[in-house]
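Below is one structure, written out as structure tokens; the observations come after it.
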Amino acid sequence: MQRRGADAFGIHRFERENLLCLGVAAPVTQPSIRHISRTLYAALIQHLGDFHFHRIWNFIPEINREYGDLDTYKLFCLGRAEALEALQDTPLPAASAVGTPGEYLVIAAIAGSAKASPVENPLQIPAYRYPERYGPRAPSFARATRIHGSELYVSGTASIRQSESLHEGDVAAQFALALENVDLVIRAAGLPESDNLIEHSRHHARRIYLRHPQDWKLLRHHPGTDPGEEQTLNVIQAEICRPELLVEVETHIHARGEPAAE
Numbered sequence: 016m017q018r019r020g021a022d023a024f025g026i027h028r029f030e031r032e033n034l035l036c037l038g039v040a041a042p043v044t045q046p047s048i049r050h051i052s053r054t055l056y057a058a059l060i061q062h063l064g065d066f067h068f069h070r071i072w073n074f075i076p077e078i079n080r081e082y083g084d085l086d087t088y089k090l091f092c093l094g095r096a097e098a099l100e101a102l103q104d105t106p107l108p109a110a111s112a113v114g115t116p117g118e119y120l121v122i123a124a125i126a127g128s129a130k131a132s133p134v135e136n137p138l139q140i141p142a143y144r145y146p147e148r149y150g151p152r153a154p155s156f157a158r159a160t161r162i163h164g165s166e167l168y169v170s171g172t173a174s175i176r177q178s179e180s181l182h183e184g185d186v187a188a189q190f191a192l193a194l195e196n197v198d199l200v201i202r203a204a205g206l207p208e209s210d211n212l213i214e215h216s217r218h219h220a221r222r223i224y225l226r227h228p229q230d231w232k233l234l235r236h237h238p239g240t241d242p243g244e245e246q247t248l249n250v251i252q253a254e255i256c257r258p259e260l261l262v263e264v265e266t267h268i269h270a271r272g273e274p275a276a277e
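According to our numbering, the sequence shown is numbered sequentially starting from 16.
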């Protein structure tokens, strides 16, 4: 990739052909998270030009810490939603948001010249339509984004049905349901050879976020943690966006063949 450097605000930009990668980080305190997240997202949007967001990763300090009636994640969602209003009717991208040590809010984004098509899980309420008990502004992301009909970015996926967290305290059951949700999203995306991709996804999760590192011993022999011969599995310790959630998974898929019919 050709590096275009960082601007005065600290946006790092890498561009090649039809792909754009953006990254930014800024120190935050909990009272400032709404303002800083809004400011960073607004700066990322300014760098988009003719590109479209495909996938965004958010790493948030003290993501579960409560501040008054809201926790850090809900304050972050407020700022993000306010900034994304500038994109008006543009479909929301796939995304994840997990905790990170230290004091820096870190945002990384992949964008492309092709428009992304949002994909939702039929057994989940779209995150951007969550009821108000999950915060004054619902999380602004799609369950997945499909590009060119055959590429799929699956968002951070947890043990949630409709909008409710399930299997509290049982990391193995949460992991199994998260993988089921990934399967549902792949099927909903209408990718070519969806059945084969669903079987493939069970054995090739790209990244697992674990709240408690010691839980890895409970998951390491699960088929969903087998990356296969040609893939890499990342296992990262991170707080998940809801305190009761213990694990989150994500993946990125390139399908072969022609896209399935719309």
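Virtual Cβ for every residue (Gly too), placed ideally from N, Cα, C.
Residue i versus residue j: straight-line alpha-carbon distance, rounded
| i | j | result |
| --- | --- | --- |
| R217 | R70 | With a pLDDT of only 47 at R217, under 50, the local geometry of the prediction cannot be trusted, and no value is derived from it. |
| H236 | H269 | 25 angstroms |
| R148 | L234 | 31 angstroms |
| G279 | L85 | As shown, the chain starts at 16 and ends at 277. That puts residue 279 outside it, with no answer to give. |
| I140 | R80 | 25 angstroms |
| F68 | A131 | 7 angstroms |
| G83 | R49 | 14 angstroms |
| L248 | W231 | 13 angstroms |
| L34 | A129 | 9 angstroms |
| R161 | V43 | 32 angstroms |
| A191 | R226 | 16 angstroms |
| T240 | Q252 | 15 angstroms |
| P108 | F74 | 16 angstroms |
| R176 | E118 | 32 angstroms |
| Q229 | D65 | 44 angstroms |
| S165 | Y143 | 24 angstroms |
| P137 | A98 | 27 angstroms |
| Q45 | N196 | 31 angstroms |
| F104 | P116 | According to the sequence as given, residue 104 is Asp; it is not Phe. Spanning the two alpha carbons is a distance of roughly 34 angstroms. |
Nonlocal neighbours in the same chain, by C-beta distance under 6 angstroms from residue i, ignoring five residues either side
| i | result |
| --- | --- |
| V39 | G25, I26, L55, I122 |
| E77 | T87 |
| W72 | S111, A123 |
| K89 | G150 |
Test item: CB-CB of residue i and residue j under 8 angstroms
| i | j | result |
| --- | --- | --- |
| S155 | R95 | yes |
| A126 | L63 | yes |
| H163 | R221 | no |
| V262 | V169 | no |
| L194 | V264 | yes |
| Y145 | S178 | yes |
| L120 | A188 | no |
Cβ-Cβ separation, residue j to residue i (assumed contact under 8 angstroms), whole Å
| i | j | result |
| --- | --- | --- |
| S111 | G171 | 3 angstroms |
| A204 | V134 | 5 angstroms |
| S52 | F91 | 5 angstroms |
| R278 | V200 | Residue 278 lies beyond the range of the chain shown here (16 to 277); nothing can be said about it. |
| R31 | L37 | 13 angstroms between Cβ atoms; not a contact. |
| T206 | R152 | Reading off the sequence shown, one finds Leu at residue 206, where the question assumed Thr. So it is not a contact: roughly 31 angstroms between Cβ atoms. |
Neighbourhood of residue i by C-beta, 7 angstroms cutoff - its chain only, sequence neighbours within 5 removed
| i | result |
| --- | --- |
| L102 | I60 |
| E259 | S180, E183 |
| E254 | I78, N79, V113, G114, R226 |
Residue i Cβ short of 7 angstroms to the ligand COA heavy atom set
| i | result |
| --- | --- |
| S47 | Although the ligand COA was asked about, the structure shown includes no ligands whatsoever. |
Chain-order list of residues whose beta-carbon lies under 8 angstroms from that of residue i (same chain, five-residue window excluded)
| i | result |
| --- | --- |
| P106 | K130, A131, S132, P133, A157, T160 |
| E100 | none |
* Whole alpha helix (DSSP H) runs in the stretch 133-207 with 4 or more residues, listed along the chain? -> 186-204
* **Any alpha helix (DSSP H) of 4 or more consecutive residues that is wholly inside the stretch 45-96** => 48-63
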